[in-house]
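>
2 protein chains.
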Amino acid sequence: MRVGIIGTGMVGRALGGKLVELGHEVMLGSRTEQNPTAVAWAQQAGEKGSHGTFAEAAAFGELLIVAVSGVVAVKALATAGDEHLTGKVLIDVSNPLVFSPLGEVSLEPVNVDSIGEQIQRDFPQARVVKALNTLNCELMVDPSRVPGEHQVFVAGNDPAAKADVTEVLHSFGWPKESVLDLGDITASRGLEMLMPFWLRLMNHYGHADFNYSIRSAR
Amino acid sequence: MRVGIIGTGMVGRALGGKLVELGHEVMLGSRTEQNPTAVAWAQQAGEKGSHGTFAEAAAFGELLIVAVSGVVAVKALATAGDEHLTGKVLIDVSNPLVFSPLGEVSLEPVNVDSIGEQIQRDFPQARVVKALNTLNCELMVDPSRVPGEHQVFVAGNDPAAKADVTEVLHSFGWPKESVLDLGDITASRGLEMLMPFWLRLMNHYGHADFNYSIRSAR
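Top to bottom, those sequences are chains C and B. Just so you know, we're using the working numbering here: the first sequence kicks off at 42 and counts up by one. Just so you know, we're using the working numbering here: the second sequence kicks off at 42 and counts up by one.
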């Protein structure tokens with residue numbers, strides 16, 4: 042499968058690396074034509090890895106992944122071009138973190154809106170699935186870093202798109218029963234609002250190799 | 042120990058019932074003098090259970106629990122009287138849920154403030170500990186309803202107060218290692234912002250007998 046990744050940060054590179062390892066062709070998309078990080082990534086990724094602009098990556102991918110900061114996600118996709126998103130499954134892994142000058146972290150949007158919803162609203166022809174924004178990127182592609190059963194979550198309006206994303210997650214090492222479907226794209230609110238709790242847990246443990254396991258009585 | 046509970050809802054009654062069962066004297070506090078729910082609760086609770094106004098319950102308790110809706114918590118405590126809170130450990134179990142006329146749920150405050158912080162700010166002489174707002178009230182006092190290891194969280198500025206609350210949680214059946222300290226009272230933001238995720242999980246499972254287990258690699 043051809044995968045276009047919007048964003049060249051740690052998350053995009055981790056996902057891209059794993060997808061190449063699994064045999065997919067991956068183009069890492071950047072704002073600029075010759076982003077040094079993207080060029081270096083494509084070089085080390087081998088012949089299945091490439092780099093380009095947001096628009097080139099979006100045009101290239103049959104599956105798209107939004108891996109820029111949540112606060113610029115919609116803008117990055119507008120730059121990528123609406124026409125390249127139509128009908129495609131688009132995994133939104135972003136979080137809307139805003140850092141104040143004093144280092145205080147907050148979310149924007151929050152509460153009654155979310156990045157997942159913004160993207161689905163602004164690009165109604167894309168099949169948006171919120172996923173993987175609730176854990177560290179190394180763990181996204183290697184669940185065995187944390188022992189035992191733990192979970193990832195999907196949300197979106199298109200059941201077939203969520204099924205496709207569940208297959209991708211399964212290929213990353215997530216058992217299918219560890220992928221919890223939380224409903225339509227408005228569930229992105231709750232998934233994005235996990236971030237302040239997650240940051241406190243990271244502070245508590247002193248590392249990011251942890252994840253949520255939901256224990257249920259039945 | 043004498044415990045004053047501010048609020049006569051399901052959460053206050055569940056906590057009050059367990060505390061009476063454990064041998065504590067509990068007064069359930071209400072806005073009004075003869076709240077029928079509080080009267081009925083005190084009758085069935087036996088000689089260790091009583092009811093009164095917010096002010097009477099706050100004056101009575103050596104330990105206080107805020108178990109009203111988050112959006113009215115500060116107002117309820119103001120009614121209870123600042124002078125009855127001074128130096129006392131005050132467990133805030135509330136969530137700032139707001140329901141729109143169309144049934145949409147949101148939080149107020151959210152993101153850069155929380156009920157836990159509001160209470161600590163408005164009543165600086167109280168020793169506020171945010172706890173137990175992340176799970177169903179039946180599970181609060183009976184962790185064995187959900188099999189396996191799962192956790193509760195405490196946050197607050199006073200380490201001794203958090204240690205006292207950890208003892209109370211232990212008496213409810215929570216192993217001490219299942220009580221995670223997430224830091225100062227600003228961690229209330231993340232704990233309160235779990236609610237939208239929790240509501241989606243409840244919808245997913247079809248019941249409220251579930252809880253978070255944080256799995257960590259080390």
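By construction, the Cβ of each residue, glycine as well, lies at the ideal position given by its N, Cα and C atoms.
1. DSSP has Y253/C in a bridge; who is on the other side?
2. In the DSSP output, which residue or residues are listed as bridge partners for I47/B?
3. Can you give me, in chain order, the residues of the region 179-205 of chain C that have a beta carbon less than 9 Å from any beta carbon in chain B?
4. Between P216/C and chain B, is the shortest Cβ-Cβ distance under 8 Å, so that the two count as touching?
5. Name the residue from D163/C, F164/C, S110/C, E158/C whose alpha carbon lies nearest to the alpha carbon of K171/C.
6. I'd like to know whether the C-beta atoms of N152/B and L232/B end up nearer to each other than 8 Å.
7. By Cβ distance, which residues of its chain are closer than 6 Å to R230/B, with the 5 residues on each side in sequence left out?
8. Where V195/C and E179/C are concerned, what is the direct C-alpha to C-alpha distance, given to the nearest angstrom?
9. Does the beta carbon of L63/C come closer than 8 Å to any beta carbon on chain D?
10. How many whole angstroms separate the CB atoms of M236/B and L176/B, which I take to be in contact at a CB cut-off of 8 Å?
11. Cutting at 7 Å between CB atoms, please list the residues of its own chain near L118/C, excluding the five before and the five after it.
12. Pair every Cβ in the region 88-106 of chain B with every Cβ in the region 54-68 of chain B, then say whether three or more of these pairs are closer than 8 Å.
13. Does the region 234-253 of chain B come close enough to the region 205-217 of chain C to have 3 or more Cβ pairs within less than 8 Å?
14. Using 8 Å as the limit for Cβ to Cβ distance, is I255/B near chain C?
15. Where in the region 182-251 of chain B do unbroken runs of the alpha helix (DSSP H), each at least 4 residues long, occur, reported from the N-terminal end onward?
16. Check the Cβ of N252/C against every Cβ in chain B and list those closer than 7 Å, keeping chain order.
17. Please go through the same chain and pick out, in chain order, the residues whose beta-carbon is closer than 6 Å to the beta-carbon of M181/C, but skip the five residues on each side of it.
18. Can the beta-carbon of N198/C be found closer than 8 Å to that of D225/C?
According to the structure shown:
1. Within the first sequence, the letter at position 212 stands for residue 253/C. According to DSSP, Y253/C bridges with I255/B.
2. Reading the second sequence from its first residue, position 6 is the one you call residue 47/B. In the DSSP output, where bridge partners are listed per residue, I47/B has G70/B, V107/B.
3. L180, R186, V187, P188, G189, E190, H191, F194, A196
4. Position 175 of the first sequence, counting from 1, holds the residue named residue 216/C. Cβ-Cβ to chain B under 8 Å: no for P216/C.
5. If you number the first sequence from 1, residue 171/C lands on position 130. That would be E158/C, whose Cα lies nearest to the Cα of K171/C.
6. Stepping through the second sequence from its first residue, residue 152/B is reached at position 111. Stepping through the second sequence from its first residue, residue 232/B is reached at position 191. Going by C-beta atoms, N152/B is not nearer than 8 Å to L232/B.
7. As a working mapping, residue 230/B is identified with position 189 in the second sequence. Excluding positions up to five away in sequence, the list reads S155.
8. Along the first sequence, one-based indexing puts residue 195/C at 154. Along the first sequence, one-based indexing puts residue 179/C at 138. Using only the alpha carbons, I get a separation of about 18 Å.
9. Chain labels in this structure do not include chain D; the protein chains are C and B.
10. Here residue 236/B refers to the residue found at position 195 of the second sequence. Here residue 176/B refers to the residue found at position 135 of the second sequence. Not confirmed; about 11 Å, so no contact.
11. Translated into positions along the first sequence, residue 118/C becomes position 77. Contacts found: I47, V107, L126, I160, F164.
12. yes
13. no
14. Working through the second sequence from its first residue, we reach residue 255/B at position 214. By this cut-off, I255/B is an interface position.
15. 200-213, 229-233, 236-246
16. Residue 252/C sits at position 211 when you count from the first residue of the first sequence. Those within 7 Å of N252/C in chain B are R256.
17. Within the first sequence, residue 181/C is the residue found at index 140, counting from 1. Once the five neighbours on either side are set aside, the close Cβ partners of M181/C are L173.
18. As a first step, residue 198/C must be located in the first sequence, where it is residue number 157. As a first step, residue 225/C must be located in the first sequence, where it is residue number 184. A contact, by the Cβ cut-off of 8 Å.
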